[in-house]
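> Throughout the sequence shown, residue numbering follows the numbering used here, covering 298 to 679 in sequence.
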Amino acid sequence: MLLAAGPPALRGQDLAAVREYKQLWKYDEAITALTQLMAEQGPQPVLLEELADCHYQSGNAAAALEQYTLLAEMQPGNLLYKLRLMNLLYRGRQYDAAITLGREVLQRDSITQVIALVGDAFNQLEQRDSAECYYRSALSRRPHNETVLNKLCSILLGREQFDEVLALTDEFLAGEPDNLTILPVRGLAYYNKNLYTESEADFTRMNKLGDDGYAVHYYLGQCALNLGSHYAAEAEFEKAWQRDSTDVGLAITIGKLRGDLHYDEWEKWYDKALEMLSPGQKVIATTSAAHQNYALTAYKFGRYDLCIEHYLKMLEYSPKHYSAYYMIAQCYEMKKDFKNALSWYKKAQSAFAPGSRGREIADSGVAHATAELFMEETGEKK
298 MLLAAGPPAL
308 RGQDLAAVRE
318 YKQLWKYDEA
328 ITALTQLMAE
338 QGPQPVLLEE
348 LADCHYQSGN
358 AAAALEQYTL
368 LAEMQPGNLL
378 YKLRLMNLLY
388 RGRQYDAAIT
398 LGREVLQRDS
408 ITQVIALVGD
418 AFNQLEQRDS
428 AECYYRSALS
438 RRPHNETVLN
448 KLCSILLGRE
458 QFDEVLALTD
468 EFLAGEPDNL
478 TILPVRGLAY
488 YNKNLYTESE
498 ADFTRMNKLG
508 DDGYAVHYYL
518 GQCALNLGSH
528 YAAEAEFEKA
538 WQRDSTDVGL
548 AITIGKLRGD
558 LHYDEWEKWY
568 DKALEMLSPG
578 QKVIATTSAA
588 HQNYALTAYK
598 FGRYDLCIEH
608 YLKMLEYSPK
618 HYSAYYMIAQ
628 CYEMKKDFKN
638 ALSWYKKAQS
648 AFAPGSRGRE
658 IADSGVAHAT
668 AELFMEETGE
678 KK
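Structure follows, in structure tokens:
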């Protein structure tokens with residue numbers, strides 16, 4: 298008789314207790330209660346749905362994926378299960394599966410969020426054309442969507458379609474001029490079109506609206522530099538450094554700017570950059586550039602020994618940078634050490650082809666250093 302009656306009916310108070318646990322974010326207690334109920338009454342859909350939601354809300358993606366997969370098989374017409382499952386597949390980096398399920402959902406209902414998520418999945422797979430198509434479709438249904446617009450513009454910026462980015466962002470910002478998601482996108486498009494005054498205006502507006510981050514000060518510095526305001530550029534770059542002191546290129550830039558402006562402590566910025574670098578294929582070019590800029594700035598300040606030191610270090614990373622030869626020679630010449638100057642000019646002579654500008658400089662240097670040595674020897678004999 299008991300078997301014929303089947304499992305006992307699910308009591309309303311049991312589900313009420315589970316849902317109260319969930320409202321209090323006590324997902325572990327809710328899962329324990331649901332597990333007990335299913336042991337007593339079997340895997341009823343309503344219990345499986347509550348269990349799947351508990352795992353989903355608590356961040357247990359693997360368990361939630363398992364439960365929603367089961368539910369979707371049991372009730373293939375339930376749209377909620379498919380949406381949760383698609384979201385979980387995306388979060389689990391199963392992008393192809395998320396796209397397949399998303400397209401299945403879109404055959405039934407053109408949900409803007411699903412269109413955008415399919416675009417995101419294509420973007421993660423680096424299939425930019427497909428991602429662009431879905432992002433444009435999502436924007437056609439909901440034009441004022443800053444998140445989707447930002448992602449579309451990122452693709453367009455990567456293709457250097459700056460005019461289209463400006464058109465899209467201008468339209469958006471006409472209705473929401475203080476949007477801190479889209480303002481930097483337009484500022485970057487202006488910057489890449491060499492419209493530095495317009496770019497500076499957008500990044501300045503962001504700063505006034507409260508964005509005091511690295512990117513704002515970095516691009517304010519770059520705009521000021523390109524507009525010829527070197528003092529303002531140096532100040533902005535230092536602010537950027539205060540917010541992110543991991544940018545080797547920025548340290549080199551500040552060192553060069555401080556040297557150009559005849560500020561003190563320019564050396565420490567090159568030292569910072571070099572401390573951050575270590576030998577390896579990925580950093581050889583940056584390390585070489587750091588030593589080269591260090592040397593050039595030292596030369597401007599008449600620090601010839603320091604200049605020679607860093608050109609020699611640069612040559613360890615870029616042995617074919619032959620212009621360093623005559624720069625080292627010139628340093629020795631400024632030190633009145635014509636013997637070493639002649640030696641380095643001769644190295645430059647052998648490195649540059651006849652008729653080249655480098656060879657002309659080297660030939661002239663050899664002639665001058667030879668004449669100076671002759672004068673020295675003649676003077677000593679007298």
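Every residue gets a Cβ at the ideal spot worked out from N, C-alpha and C, and that includes glycine.
Taking contact to mean 3 or more Cβ pairs, one atom from each stretch, closer than 8 Å, check whether the segment 482-490 and the segment 450-462 are in contact.
Touching, yes.
> Using the C-alpha atoms, what's the distance from residue 526 back to residue 467?
Roughly 27 Å between the two C-alpha positions.
> Using a 10 Å radius around the Cβ and a threshold of 16 neighbouring Cβ atoms, would you call residue 589 buried or exposed?
It counts as buried.
> So what does DSSP say about residue 408, is it helix, strand or coil?
Note: residue 408 maps to coil in three-state DSSP.
> Pick from 617, 386, 534: whose alpha carbon is nearest that of residue 397?
Considering only alpha carbons, the answer is 386.
> Taking the C-alpha atoms as reference points, what is the distance between residue 549 and residue 530?
Residue 549 and residue 530: Cα-Cα distance of roughly 14 Å.
> Is it buried or exposed, residue 476, if we count other Cβ atoms within 10 angstroms and call 16 or more buried?
Residue 476 should be labelled buried.
> Where does the unbroken alpha helix (DSSP H) through residue 692 begin, and where does it stop?
Only positions 298 to 679 of the chain appear in this structure, which leaves residue 692 out of reach.
> Whose C-beta lies closer than 8 Å to the C-beta of residue 405 among residues of the same chain, with five residues either side of it excluded?
Answer for residue 405: 376, listed in chain order.
> Entirely within the segment 538-610 and at least 4 residues each: give me those alpha helix (DSSP H) ranges in chain order.
Those alpha helix (DSSP H) runs which fall completely within the segment 538-610 and span 4+ residues are 545-557, 563-573, 581-597.
> Looking at the structure shown, is residue 490 part of a helix, part of a strand, or coil, going by DSSP?
In the structure shown, residue 490 sits in coil (DSSP, three-state: anything other than H, G, I, E or B).
> Give me the Cα-Cα distance between residue 456 and residue 666, rounded to the nearest whole angstrom.
Taking the straight line joining both Cα atoms gives about 52 Å.
> Is residue 652 helix, strand or coil by DSSP?
DSSP places residue 652 in coil when its eight states are reduced to three.
> State the start and end residues of the unbroken alpha helix (DSSP H) segment that holds residue 524.
Element bounds for residue 524: n/a, residue is neither H nor E.
> Is residue 611 near residue 621, with beta carbons less than 7 Å apart?
Yes, they are a contact pair.
> Does DSSP put residue 441 in a helix, a strand or coil?
The answer is coil: DSSP assigns residue 441 none of H, G, I, E or B.
> Which residue from 492, 512, 480 puts its Cα closest to that of residue 499?
Minimum Cα distance to residue 499 is reached at 480.
> Which residues in the same chain as residue 410 place their Cβ atom closer than 7 Å to its Cβ, once the five residues preceding and following it in sequence are excluded?
Correct list: empty, nothing qualifies.
> Assuming residue 609 contacts residue 639 (C-beta within less than 8 Å), just tell me the rounded distance between them.
In fact, because the Cβ distance is near 17 Å, the residues do not count as touching under 8 Å.
> Give the straight-line distance between the Cα atoms of residue 605 and residue 592, rounded to the nearest whole angstrom.
Going by the C-alpha atoms only, they are around 7 Å apart.
> In three-state DSSP terms, what is residue 390?
Three-state DSSP puts residue 390 in coil, outside helix and strand.
> Going straight from the alpha carbon of residue 430 to that of residue 447, what length do you get?
Going by the C-alpha atoms only, they are around 14 Å apart.
> Three-state secondary structure (DSSP) at residue 478?
Residue state, collapsed to three classes: coil.
> Can the beta-carbon of residue 388 be found less than 7 Å from the beta-carbon of residue 358?
The answer is yes: Cβ separation under 7 Å.
> At the level of alpha carbons, what is the spacing between residue 664 and residue 614?
So the two alpha carbons sit approximately 30 Å from each other.
> At the level of alpha carbons, what is the spacing between residue 325 and residue 567?
If I take the Cα positions, the gap works out to 54 Å.
> With DSSP collapsed to three states, give me the class of residue 375.
Of the three classes helix, strand and coil, the one that applies to residue 375 here is coil, per DSSP.
> Could you check what DSSP says for residue 303 in three-state terms: helix, strand or coil?
Confidence in residue 303 is poor, its pLDDT being 40 and thus under 50, which makes the residue's placement unreliable; the coordinate value appears in the next sentence. Residue state, collapsed to three classes: coil.
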